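Quick note on this note's numbering: the sequence shown kicks off at 28 and runs consecutively. In this text, a Cβ means the ideal position worked out from N, Cα and C, and glycines have one as well. Keep in mind it's a predicted model, so treat the numbers as computed, not measured.
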Amino acid sequence: MSDADERARRRAELDAKVPEVDLRNGHKGICTWAQTNGEELHPAALEILGEARRLSEKLDDQTVTTIVIGKNAEKHAQTLIEYGADRVYVISDDRLEYYRDLPYVRAVVDAIREIKPEIMIYTASAIGRSLAPRCAARLHVGLSADCTELDIGQYVSRKKNQRFPRAFMMKRPSFGESKLATIIGPWNYPQSATVRPGVFHPLKRDPSRTGEVIQFTPKWTEDDWKTEVISFESEGSRVELDKADIIVSGGYGVGKEGFNMLRELVDAIRANGQRAELGASRAAVNAGFISHDHQVGQTGKTVRPKVYIAVGISGAIQHLMGMQNSRTIIAVNIDPKARIFTVANYGIVADYKEVIPEMIKKVREGYKFNVE
Ligand SMILES: Cc1cc2nc3c(=O)[nH]c(=O)nc-3n(C[C@H](O)[C@H](O)[C@H](O)COP(=O)(O)OP(=O)(O)OC[C@H]3O[C@@H](n4cnc5c(N)ncnc54)[C@H](O)[C@@H]3O)c2cc1C
Numbered sequence: 028m029s030d031a032d033e034r035a036r037r038r039a040e041l042d043a044k045v046p047e048v049d050l051r052n053g054h055k056g057i058c059t060w061a062q063t064n065g066e067e068l069h070p071a072a073l074e075i076l077g078e079a080r081r082l083s084e085k086l087d088d089q090t091v092t093t094i095v096i097g098k099n100a101e102k103h104a105q106t107l108i109e110y111g112a113d114r115v116y117v118i119s120d121d122r123l124e125y126y127r128d129l130p131y132v133r134a135v136v137d138a139i140r141e142i143k144p145e146i147m148i149y150t151a152s153a154i155g156r157s158l159a160p161r162c163a164a165r166l167h168v169g170l171s172a173d174c175t176e177l178d179i180g181q182y183v184s185r186k187k188n189q190r191f192p193r194a195f196m197m198k199r200p201s202f203g204e205s206k207l208a209t210i211i212g213p214w215n216y217p218q219s220a221t222v223r224p225g226v227f228h229p230l231k232r233d234p235s236r237t238g239e240v241i242q243f244t245p246k247w248t249e250d251d252w253k254t255e256v257i258s259f260e261s262e263g264s265r266v267e268l269d270k271a272d273i274i275v276s277g278g279y280g281v282g283k284e285g286f287n288m289l290r291e292l293v294d295a296i297r298a299n300g301q302r303a304e305l306g307a308s309r310a311a312v313n314a315g316f317i318s319h320d321h322q323v324g325q326t327g328k329t330v331r332p333k334v335y336i337a338v339g340i341s342g343a344i345q346h347l348m349g350m351q352n353s354r355t356i357i358a359v360n361i362d363p364k365a366r367i368f369t370v371a372n373y374g375i376v377a378d379y380k381e382v383i384p385e386m387i388k389k390v391r392e393g394y395k396f397n398v399e
């Protein structure tokens with residue numbers, strides 16, 4: 028046995044002697060918040076449900092509950108069940124077609140008080156980032172924001188002489204992505220986290236799944252309705268990186284002119300009936316080649332398309348963490364030592380000016396990327 032193994036064995040032996048504590052006080056199972064936009068379900072609602080299902084296998088109570096709020100919210104209940112929910116708390120109100128902090132916070136907090144989950148997961152979307160900390164503050168619990176990995180595992184506090192066999196391990200990048208911090212908080216329930224959209228996989232839809240649907244009415248007061256939505260304006264040119272099957276991303280190496288070529292490639296793919304979008308690295312955004320809503324990575328979007336084509340991108344860790352879970356990665360870079368090649372399935376060491384026109388030609392001749 029190596030020294031390291033021996034140390035681990037001794038640590039495990041000592042840990043086992045620390046008394047197990049359970050401070051859950053009746054909190055059981057996992058709950059998620061299923062975001063809606065207007066009358067549509069946000070794709071991340073299904074992603075966190077899939078992750079909740081996976082985590083629930085490590086808990087003693089495996090019930091997964093989800094809270095859905097909005098106008099006609101009940102229409103999403105069966106979909107949520109088919110994607111992994113055992114129970115759906117439906118809070119349906121015509122006034123909640125669009126998000127408002129006060130009535131939403133009351134609704135989620137009231138529902139959590141009734142459900143009493145041991146874990147609560149929100150999406151770290153713009154709305155989730157407003158909702159989750161407000162709910163956590165009202166419930167007097169902690170919140171780990173922007174997590175990229177979740178797990179259940181043993182946490183031993185030698186100082187407090189406490190052992191939690193099933194603590195919620197909330198992991199998120201810190202120190203400019205150089206470290207992955209694990210945050211725990213098994214002293215207050217629900218242990219709560221927001222997770223980045225696009226990080227987790229939804230489960231395969233199972234139309235045979237059944238579950239319980241609960242119509243829930245929060246104890247709203249007049250104060251909760253003090254604000255009024257006058258109108259809702261959606262951004263005209265929304266970049267839908269999360270909906271694209273194929274993302275063609277450009278980096279600093281392609282320059283402004285190169286982005287025109289990448290746009291041509293995206294247009295050609297779309298003309299073939301495939302869903303494509305233009306992505307970018309932060310260096311390209313900072314240089315003004317393209318707007319921030321195209322940025323992929325730590326301070327941009329996390330994506331997992333079927334095909335990700337990285338052109339003139341070096342592969343800094345902050346970029347990789349936003350795209351490395353794409354199904355197939357094709358990298359084009361003039362430098363054979365570029366880090367992007369460490370995650371690429373297909374690497375092309377060449378000047379983009381030689382490769383991209385060839386790709387455009389092939390796509391215009393009818394070539395389709397495999398997105399099945
Ligand atoms: C806190 C923090 C957050 C960050 N968040 C993000 C983020 O969200 N997203 C992100 O992308 N970055 C982010 N960054 C920046 C990141 O560290 C890198 O600086 C950035 O990703 C580099 O972009 P790039 O690869 O386009 O540029 P470069 O590193 O300059 O690489 C350009 C590449 O182009 C290649 N090249 C040059 N000419 C050609 C050619 N003719 N044909 C083909 N290849 C060519 C070069 O070989 C090189 O590999 C963040 C940094 C920090 C500190």
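| query | result |
| --- | --- |
| Check: A343 C-beta below 7 Å from any heavy atom of ligand 1 | yes |
| Neighbourhood of A194 by C-beta distance below 6 Å, restricted to the same chain and skipping five residues each side | Y182, I211 and P213 |
| CA nearest to the CA of G306, picked from S318, N215 and L50 | S318 |
| Cβ distance (whole Å) where N352 is taken to contact R331 below 8 Å | 5 Å |
| Contact check, G53 vs K143, beta carbons under 8 Å | yes |
| Residue from K395, Q301 and P217 with nearest C-alpha to W60 | P217 |
| A159 CB to nearest heavy atom of ligand 1 below 7 Å | no |
| Cβ-Cβ distance between G169 and S219 below 8 Å | yes |
| Alpha-carbon spacing of K333 relative to E399, whole angstroms | 8 Å |
| Residue of Q322, R156 and C162 minimising C-alpha distance to E267 | Q322 |
| V256, buried or exposed, once every other Cβ within 10 Å from all chains shown has been counted against 16 | exposed |
| Three-state secondary structure (DSSP) of F195 | strand |
| K206 Cβ short of 7 Å to ligand 1 heavy atom set | no |
| contact_flag[the region 38-46, the region 97-117] where n(CB pairs < 8 Å) is 3 or more | no |
| Limits of the unbroken alpha helix (DSSP H) element including Y131 | D128 to I142 |
| C-beta atoms of R80 and G238 nearer than 8 Å | no |
| N- and C-terminal bounds of the alpha helix (DSSP H) containing I108 | A104 to E109 |
| Spatial distance of A112 from L177 (CA atoms) | 18 Å |
| Neighbour-count burial assignment, K186, 16 or more Cβ in a 10 Å radius | exposed |
| beta-carbon N352 near ligand 1 non-hydrogen atom, thresh 7 Å | no |
| Span separating the alpha-carbon of T248 from that of A172 | 29 Å |
| CB contact flag (G349, T329, <8 Å) | yes |
| Near ligand 1: A365 beta-carbon under 7 Å from a heavy atom | yes |
| Residue of P229, Y131, S152 and Q345 minimising C-alpha distance to T254 | Y131 |
| From M147, V95, M288 and K85, residue whose alpha carbon lies closest to that of E124 | V95 |
| Per DSSP, cross-strand counterpart(s) of K206 | S201 |
| A20 versus T63 - alpha carbon distance | With the chain running from 28 to 399 in the structure shown, residue 20 is simply not present. |
| From R51, D121, N299 and Y116, residue whose alpha carbon lies closest to that of Q242 | Y116 |
| Any non-hydrogen atom of ligand 1 closer than 7 Å to G225 Cβ | no |
| Cβ contact (3+ pairs, closer than 8 Å) linking the region 283-298 and the region 375-385 | yes |
| Sheet register partners of L305 (DSSP bridge) | V275 |
| CB contact check: R223 to chain B, cutoff 8 Å | In the displayed structure, chain B is absent; only one protein chain is listed. |
| CA-to-CA distance, R199 to L207, given in whole angstroms | 5 Å |
| Per-residue DSSP class, three states only, for M28 | coil |
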